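Read left to right, the sequence shown gives residues 1083 to 1415 (the numbering used here).
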Amino acid sequence: MLLRSLTSHTVHILSFIIIVALAGLPRAFAAETKSDIPPWLRAHVGNNNGQIAPVVLQRARALYQQKVSTGEVKNPCYLAMDATRPSSFGPGKLGHRFYVICEQKRSFRAMTSGYGSGRNLRGIANFSNGRRCAKNFSNAEDSKLTTGGPYITREDITSFKGYYRVSSKKTEPFLRTFIQFDGEGDTANARPRAIGGHPAVLLHASCRKKDPKNQYADAEGYVPYGKLVDYGGGRSNGCTSWTAAEARTIIPILKQNPTTLYIYPESSDIDAVATAVKARRSLSKAGLYWNASCLKEIGTPKFWPKETLEPIIAKYKKDHPPGPSRPLPICKR
């Protein structure tokens, strides 16, 4: 009887130790131990285009459930992005690596999204990314690179960018909405970096017209005119960018209704994959993930921590000061 009591007591102590140990593990690892994904959603899990990798979904769900439980998020949908996937599979075939998941409605949407282009500071450091796959990641300001990790969507800001021509006789104002992100950990500086989500469309201003009564006129009474440039599925300055059509679906979901966004990979994932690649170890056997097509293309991924990269960027700026700004020319017609 005494032995049975001691054994039971020992089991309870061990159970408590295990629970405490698991509670101290990183959030990402804890999320990966979950297996409560509903069957309808499990059907969308995989490595093919239009599917979501298991680790990306598991971490995105864990982040969402955590923020819902604390009352910080009430939105019925959550977001995820896999920045290791390719932007395209050939001419006219865009890659889908951004996900909008609404479990109450059993809705799963895979969409395109841009990643950070990075920069090539010639003679100092090259942390640029190609058009198809991302090799470099960073949380440094002015790096123009993507940072993986947890985010929460915040306020939306719509701003005037200029006028563009829709026909030979008609022009329209281009207004673009930006969704601000807040982060934590590596992504904690998302706001000072102006990291968020927006349509992958910009206005390339070519001239300006005097129109002081125009509601969008600047202090001198001018408004810019230019041409719309659509870079859907391409690269961004570090933000999450969507095609114009997809943005019309995503932005209404997020307006005045914050939700979570989880972007893979985090810095620890990048470092672990880089170590495995250099050692020529199998990622799957090591319990790691990276899109195979992009890994073959980029070789070894790299995370540039802000503590390392920001001083490099600052030195480059000091050595290469910008020239004097020039106003846009006056439109001829």
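Where is the CB? At the ideal position from N, CA and C, for every residue including glycine. The structure displayed is predicted, hence computed values, not measured ones.
Your pair T1331 and A1282 does not check out as a contact, with CB atoms roughly 14 Å apart and the cut at 8 Å.
For T1331, the enclosing alpha helix (DSSP H) begins and ends at A1326 to L1336. At a cut-off of 3 residues, the continuous stretches assigned as beta strand (DSSP E) that sit fully inside the stretch 1251 to 1337 are 1253 to 1265, 1278 to 1281, 1283 to 1292, 1304 to 1312 and 1322 to 1324. The stretch 1374 to 1394 makes contact with the stretch 1209 to 1217: 3 or more CB pairs, one atom from each, lie closer than 8 Å.
According to the DSSP assignment, V1138 belongs to the alpha helix (DSSP H) that extends over P1136 to S1151.
About 13 Å separates the Cβ atoms of A1374 and A1358, ruling out a contact at the 8 Å cut-off. Closest option to Y1160, judged by alpha-carbon separation, among P1121, F1180, S1170 and R1362: F1180.
Spanning the alpha carbons of N1208 and D1353 requires a straight line of approximately 18 Å.
Between G1265 and Y1233, the C-beta gap is smaller than 8 Å, which places the two residues in contact.
For W1122, the secondary structure class from DSSP, reduced to helix, strand or coil, is helix. The residue among R1362, Y1371, S1189 and K1291 with its C-alpha nearest the C-alpha of P1136 is Y1371. Note on E1348: 16 or more other CB atoms within 10 angstroms of its CB, so buried under the neighbour-count rule. C-alpha of P1340 to C-alpha of R1362: approximately 42 Å in a straight line. C1376 carries a helical assignment under DSSP once its states are collapsed to helix, strand and coil.
Counting only residues of its own chain and dropping the five nearest sequence neighbours on each side, A1192 has a CB closer than 6 Å to the CB of G1132, H1178 and Y1181.
Just so you know, the alpha carbons of C1321 and I1277 end up roughly 5 Å apart. In the three-state scheme derived from DSSP, where H, G and I count as helix and E and B as strand, D1401 is classed as helix. Rounded to the nearest whole angstrom, the C-alpha separation of I1183 and T1342 is 11 Å. The bridge partners DSSP lists for D1164 are Y1346. Annotation: the continuous beta strand (DSSP E) that includes Y1233 extends over G1231 to R1247. DSSP places V1182 inside the beta strand (DSSP E), whose first and last residues are F1180 to C1184.
Annotated as distal: W1122 and R1213, with beta-carbon spacing of 8 Å or more. Bridge partners of Y1197 according to DSSP: R1317. For N1218, the enclosing beta strand (DSSP E) starts and ends at N1218 to S1220. Between L1391 and N1296, the alpha-carbon positions lie close to 43 Å from each other. In this model, Y1344 and G1128 are separated by some 17 Å (Cα to Cα). The three-state reading of DSSP puts K1384 in strand, counting E and B together. With the rule of 3 Cβ pairs closer than 8 Å, the stretch 1162 to 1175 does not count as touching the stretch 1284 to 1295. Contact annotation, T1253 with Y1246: C-beta distance approximately 6 Å; criterion of less than 8 Å satisfied. For the 8 Å CB-CB criterion, S1199 and K1226 form a contact. With respect to the C-alpha of H1280, the residue from P1274, R1258 and Y1313 having the closest C-alpha is R1258.
About 5 Å separates the CB atoms of G1308 and H1286; that is less than 8 Å, so the two are in contact. The alpha-carbon of R1201 is positioned some 21 Å away from that of S1407.
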